[in-house]
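All remarks here apply to the structure that follows.
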Amino acid sequence: MNIEDYNGLMVFAEQRDGRIHPVSYELLGKGTELAEHLGIELSALVLGSELGDQVNELFYHGAQKAYYIDHPQLKDFDLLNYKHNIVRLIKKVKPETVLFGATHLGRSLAPRVAAALSTGLTADCTGLEIGEEGNLVQIRPAFSGNIFAHIRTTTRPQMATVRYKVMKKLPRDASRTGEVVPFDAQMVDPVLKTVSKDSAGGLNIAEAEIIVCGGRGVKQPQDFDMIADLADALGAAVGCSRPVVDEGWMGKGHQVGFSGNTVKPKLYVAVGVSGSPQHLAGMRDSDVILAVNSDASAPIFKVADYGIVGDLYEVVPQLAAEIRQRSHR
């Protein structure tokens with residue numbers, strides 16, 4: 001492998017149901033910063049069918065070039081064919097860095113692409129920097145968020161998956177233009193066949209503007225009805241900390257933290273959450289944090305904008321009642 005042959009930064013633009021996933025815009029925002037620092041081209045790679053104006057959105061958010069693999073079979077995610085065609089394109093274009101969103105799709109796809117290219121992959125990054133000799137430094141929490149590992153890849157391309165809601169996208173600018181580069185699809189016989197596709201329903205907690213999160217301080221599963229009542233009063237989504245998921249009280253889709261969802265709501269209400277490092281890693285960038293805990297020394301209060309020291313079983317019902325009363329004035 002001759003590293004000199006590789007140049008440029010490429011973002012895999014994930015699309016679902018014909019719309020670009022917001023994590024792709026976040027990666028383009030960070031990619032713009034990194035590409036400008038290195039003086040290299042920023043490109044996007046998108047697979048799908050009849051995406052139309054969605055390809056232009058990649059330019060509006062920072063891409064200078066968009067490689068577009070258009071085929072009816074690529075309309076929905078097909079792991080084998082996505083991997084096969086991405087590997088073909090990367091081998092031809094030779095970008096020095098390729099970024100994927102750390103979504104369910106990205107976490108499934110990126111390791112297979114990296115293995116096929118015999119290169120390294122750093123998963124679930126929360127930071128990216130340019131280090132010595134222009135190498136990408138990939139930063140991710142380790143040991144449940146107690147330390148941050150700084151990782152450098154010696155092979156090319158350098159590959160990483162980046163967590164949703166940790167990078168900032170550029171403001172949309174419809175005056176930006178770029179070059180669309182079609183790339184012929186080469187399909188392989190699918191091993192899996194999609195019979196039907198159903199929505200899981202409910203609110204995606206990563207997209208919620210207000211979240212009420214219950215932690216270990218909630219004593220029993222039925223007491224989450226009280227958390228849900230406060231969430232209903234606020235028009236919020238219900239989240240939880242990892243111990244609640246480990247107990248089987250709530251599904252992993254509700255989990256906030258390093259091993260769950262990274263969130264950036266306008267308001268985050270932490271109820272009975274002590275504030276372990278792995279939990280803080282997933283919510284500390286919330287605009288406003290309100291903590292309710294009976295332990296005044298709980299770490300959650302160090303990141304909270306507002307704190308209530310008290311019994312959550314007394315505080316939460318009073319909060320819900322007061323919010324409802326004020327909303328009806």
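The opening position of the sequence shown corresponds to residue 1 in this note's numbering, with each subsequent residue numbered one higher. Glycine included, each C-beta is placed from N, C-alpha and C at the ideal position. The model shown is predicted, which means the values in this text are computed figures rather than measured ones.
- Does DSSP put residue 7 in a helix, a strand or coil? Reading the sequence shown from its first residue, position 7 is the one you call residue 7. If DSSP states are grouped into helix, strand and coil, residue 7 belongs with coil.
- Task: Could you tell me whether any Cβ in chain C is nearer than 7 Å to the Cβ of residue 158?
- Result: This model lacks chain C altogether; it includes just one protein chain.
- Check whether the Cβ atoms of residue 286 and residue 252 sit closer than 7 Å, and answer yes or no. In the sequence shown, counting from the first residue as 1, residue 286 sits at position 286. In the sequence shown, counting from the first residue as 1, residue 252 sits at position 252. If you check the CB distance, residue 286 and residue 252 do not come in under 7 Å.
- Query: beta strand (DSSP E) containing residue 306: first to last residue?
  - Reply: Along the sequence shown, one-based indexing puts residue 306 at 306. From DSSP, the beta strand (DSSP E) with residue 306 extends over 306–309.
- Message: For residue 129, report the span of its beta strand (DSSP E) as first-last.
- Response: As a working note, residue 129 is residue 129 in the sequence shown. Element bounds for residue 129: 127–130.
- Message: Do residue 98 and residue 44 have their beta-carbon atoms positioned less than 7 Å apart in this structure?
- Response: Sequence index remark: in the sequence shown, residue 44 carries index 44 (1-based). Sequence index remark: in the sequence shown, residue 98 carries index 98 (1-based). Not in contact: residue 44 and residue 98 (Cβ atoms no closer than 7 Å).
- Task: Over the uninterrupted alpha helix (DSSP H) stretch that includes residue 2, give me the two end residues.
- Result: By 1-based counting over the sequence shown, the position of residue 2 is 2. In the DSSP annotation of this structure, residue 2 is not part of any alpha helix (DSSP H), being labelled neither H nor E.
- Task: Report the option in 236, 299 and 225 whose CA atom is closest to the CA atom of residue 209.
- Result: Residue numbering aside, residue 209 sits at position 209 when the sequence shown is read from its first letter. Ranked by how close their Cα comes to the Cα of residue 209, the residues 236, 299 and 225 have 236 in first place.
- To the nearest angstrom, how far is it from the Cα of residue 160 to the Cα of residue 195? Numbered from its first residue, the sequence shown carries residue 160 at position 160. Numbered from its first residue, the sequence shown carries residue 195 at position 195. Roughly 31 Å between the two C-alpha positions.
- Could you say which of 293, 289 and 299 lies nearest to residue 306 if we only look at CA atoms? Stepping through the sequence shown from its first residue, residue 306 is reached at position 306. Its Cα nearest to that of residue 306, the residue 289 stands out among 293, 289 and 299.
- Message: Classify residue 224: buried if its beta carbon has 16 or more other beta carbons within 10 angstroms, exposed otherwise.
- Response: Residue numbering aside, residue 224 sits at position 224 when the sequence shown is read from its first letter. So residue 224 counts as buried.
- Only counting runs of 3 or more residues, tell me where the beta strand (DSSP E) segments fall wholly within the segment 94–145, in order along the chain. At a cut-off of 3 residues, the continuous stretches assigned as beta strand (DSSP E) that sit fully inside the segment 94–145 are 97–101, 121–125, 127–130 and 136–142.
- Task: Quick one: using the 10 Å Cβ neighbour count with 16 as the cut-off for buried, is residue 140 buried or exposed?
- Result: Working through the sequence shown from its first residue, we reach residue 140 at position 140. By the 10 Å Cβ count, residue 140 comes out buried.
- Item | Alpha carbon of residue 6 to alpha carbon of residue 62, nearest angstrom | Start at 1 with the first residue of the sequence shown, and residue 6 comes out as number 6. Start at 1 with the first residue of the sequence shown, and residue 62 comes out as number 62. Their Cα atoms are separated by approximately 21 Å.
- Message: Within the continuous beta strand (DSSP E) that includes residue 47, where are the two ends?
- Response: By one-based count along the sequence shown, residue 47 stands at place 47. 42–48 is the span of the beta strand (DSSP E), which, as asked, contains residue 47.
- For residue 1, count neighbouring C-beta atoms within 10 Å of its own C-beta (all shown protein chains included) and say buried if the count is 16 or more, exposed if not. If you number the sequence shown from 1, residue 1 lands on position 1. Answer is exposed; the Cβ neighbour count stays below 16.
- Item | CB of residue 245 within 7 Å of CB of residue 255, strictly | Your numbering for residue 245 matches position 245 in the sequence shown. Your numbering for residue 255 matches position 255 in the sequence shown. For residue 245 and residue 255, yes; Cβs fall inside 7 Å.
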